[in-house]
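There are 2 protein chains.
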Amino acid sequence: MPAHKTAETATRPARALRGTRARAEVAADGIPAQDAGAAEVFAVDTVNASFLESLLGYNARRASLSLVGVFMKCMARFDLKIVEFSVLSLVGRNPGITSRQLCQQLDMLPPNMVGMIDALARRGFLERRPHPRDGRATGLYLTAAGRELVDTAEPQLKSSEEKAVAHLSETEQAQLMQLLQKLYR
Amino acid sequence: MPAHKTAETATRPARALRGTRARAEVAADGIPAQDAGAAEVFAVDTVNASFLESLLGYNARRASLSLVGVFMKCMARFDLKIVEFSVLSLVGRNPGITSRQLCQQLDMLPPNMVGMIDALARRGFLERRPHPRDGRATGLYLTAAGRELVDTAEPQLKSSEEKAVAHLSETEQAQLMQLLQKLYR
DNA sequence: TATTGTTATACTCTATAACTATA
DNA sequence: TATAGTTATAGAGTATAACAATA
Numbered sequence: 001m002p003a004h005k006t007a008e009t010a011t012r013p014a015r016a017l018r019g020t021r022a023r024a025e026v027a028a029d030g031i032p033a034q035d036a037g038a039a040e041v042f043a044v045d046t047v048n049a050s051f052l053e054s055l056l057g058y059n060a061r062r063a064s065l066s067l068v069g070v071f072m073k074c075m076a077r078f079d080l081k082i083v084e085f086s087v088l089s090l091v092g093r094n095p096g097i098t099s100r101q102l103c104q105q106l107d108m109l110p111p112n113m114v115g116m117i118d119a120l121a122r123r124g125f126l127e128r129r130p131h132p133r134d135g136r137a138t139g140l141y142l143t144a145a146g147r148e149l150v151d152t153a154e155p156q157l158k159s160s161e162e163k164a165v166a167h168l169s170e171t172e173q174a175q176l177m178q179l180l181q182k183l184y185r
Numbered sequence: 001m002p003a004h005k006t007a008e009t010a011t012r013p014a015r016a017l018r019g020t021r022a023r024a025e026v027a028a029d030g031i032p033a034q035d036a037g038a039a040e041v042f043a044v045d046t047v048n049a050s051f052l053e054s055l056l057g058y059n060a061r062r063a064s065l066s067l068v069g070v071f072m073k074c075m076a077r078f079d080l081k082i083v084e085f086s087v088l089s090l091v092g093r094n095p096g097i098t099s100r101q102l103c104q105q106l107d108m109l110p111p112n113m114v115g116m117i118d119a120l121a122r123r124g125f126l127e128r129r130p131h132p133r134d135g136r137a138t139g140l141y142l143t144a145a146g147r148e149l150v151d152t153a154e155p156q157l158k159s160s161e162e163k164a165v166a167h168l169s170e171t172e173q174a175q176l177m178q179l180l181q182k183l184y185r
């Protein structure tokens, strides 16, 4: 896991200020003179990621990845990937949902959904039935084993997230949820 | 892009309440009776994603992906992937940074960093120089072209994000930033 | 003609093992 | 012995094209 210690708000290079300097001249402003042909070499002590850290997108991705890690570990107990759990959870709340609808919801392409549904069906968690109105489509349904799995996994996932964000107050969690949704909806 | 219209807070299946029902009996509580051997089929009209949407992790990932999309489009003008830009930006602020440090910062594995640095060096944006203190390591430096690219790309990325989150107030943006960092740090 | 599910396939991203040069 | 950079390679994830069945 990355460190992300520094959070300076400099808008221009604070070049290896704490780093070791070798064969380099440093001007009064603290910025090494990058003269032509100089080929100075530096050692970076503490990485300055100030620009990336100033981006909401970077921070959103970091936060997302940290929770993804929590979810992965939690679902590993059921030998499920996050997206597989998502499929089962959606089928559980939407009996008869089509693979096309799952693709739209989970931002996946149809050819890549086929194998996953096959695998979950082979493991006995869901099954295909004809669509009542559209002969091209196939509706997906949880089996009894699939229902049991979802009913066990969902609360565990919820509680693993609660543990992971416990250092935020209830108010902060609600604020964050609302702001995230405002961002992408 | 997915829809995410519904946000019911039901804790148990609201099964295709708005969907078309076929060959199925619905009890007084509105939940279809899943009798053995019945094999009812349903059509799902509006997908119920209430459980997933109740997770901070799901919402963080959705928000992150939406900004990633903005960044990708912005960087495509420079024929740069997001991670390539991140490398250049970090090298720009950390002359002499090693590939190992980049890997830690960007959560990448060393073998996968090699090719990217090669490509950026071949394109003339950065160069390798010996490390002043460690003969095993290699320091990375922007070329003049690399510096120009970073100095052009960074403000454009910043402004593209600002446009993308303009529907949030300054206060909301600051709050979101602070909460995201509190989440993963 | 358009859409659903599907196959085949290519491309990208990510992960592991092992080697070299140096610490 | 451990670490930085590298190579080769395997595996997972993601993408496009095309086809049969149905709308």
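Chains A and B supply the protein sequences, listed in that same order. Following our numbering, the numbering of the first sequence begins with 1 at its first residue and continues without gaps. Following our numbering, the numbering of the second sequence begins with 1 at its first residue and continues without gaps. Note that CB positions come from ideal geometry on N, CA and C, so glycine has one too. This one's a predicted model, so the numbers in the text were calculated from it and none came from an experiment.
For residue 97 of chain B, a Cβ of chain A is located within less than 9 Å of the residue's own Cβ.
Each of A:154, A:109 and A:146 was checked against the Cα of residue 121 of chain A, and the nearest Cα belongs to A:146. Contact annotation for residue 44 of chain B against chain A: 94, 95, 96, 97, 98, 101 and 139 [CB-CB distance below 9 Å, chain order].
Listed in chain order, the positions of the stretch 122-149 of chain A with a beta carbon within less than 7 Å of a beta carbon of chain B are 129, 130, 131, 132, 133 and 139. Interface annotation for the stretch 53-72 of chain B against chain A: 53, 54, 55, 56, 57, 58, 59, 60, 61, 62, 63, 64, 65, 66, 67, 68, 70 and 71, criterion Cβ-Cβ distance under 9 Å.
The stretch 48-67 of chain B and the stretch 114-133 of chain A do not touch, with fewer than 3 CB-CB distances between them shorter than 8 Å.
Using beta-carbon distances, residue 175 of chain A counts as an interface residue toward chain B, with a partner under 9 Å. Counting every other CB atom within 10 Å of its CB across the protein chains shown gives residue 167 of chain A a total below 16, marking it as exposed. Assigned with DSSP and collapsed to three states, residue 57 of chain B falls in helix. Secondary structure note for residue 111 of chain B: its alpha helix (DSSP H) is the uninterrupted segment 110-122. Rounded to the nearest angstrom, the gap between the Cα atoms of residue 106 of chain A and residue 104 of chain B is 29 Å.
For residue 147 of chain B, the three-state secondary structure derived from DSSP is helix.
Taking 9 Å as the CB threshold, residue 182 of chain B lines the interface with chain A. For residue 174 of chain A, the three-state secondary structure derived from DSSP is helix.
Any Cβ of chain A closer than 9 Å to the Cβ of residue 159 of chain B would place that residue at the interface, and such an atom is absent. The beta carbons of residue 99 of chain A and residue 142 of chain A sit no closer together than 9 Å.
Here residue 76 of chain B carries a helix assignment [DSSP, helix/strand/coil]. At least one beta carbon of chain B lies nearer than 9 Å to the beta carbon of residue 179 of chain A.
Assignment of residue 138 of chain B by DSSP, reduced to helix, strand and coil, places it in the strand class. Under the three-state reduction of DSSP, residue 155 of chain A is assigned to helix.
Here residue 131 of chain B is near residue 96 of chain B, since their CB atoms are less than 9 Å apart. Judged by DSSP in its simplified three-state form, residue 161 of chain A adopts helix.
For residue 50 of chain B, the neighbours in chain A by C-beta distance under 8 Å run, in chain order, 93. Under a criterion of Cβ atoms nearer than 7 Å, the residues of chain B adjacent to residue 89 of chain A are, in order, 51 and 52.
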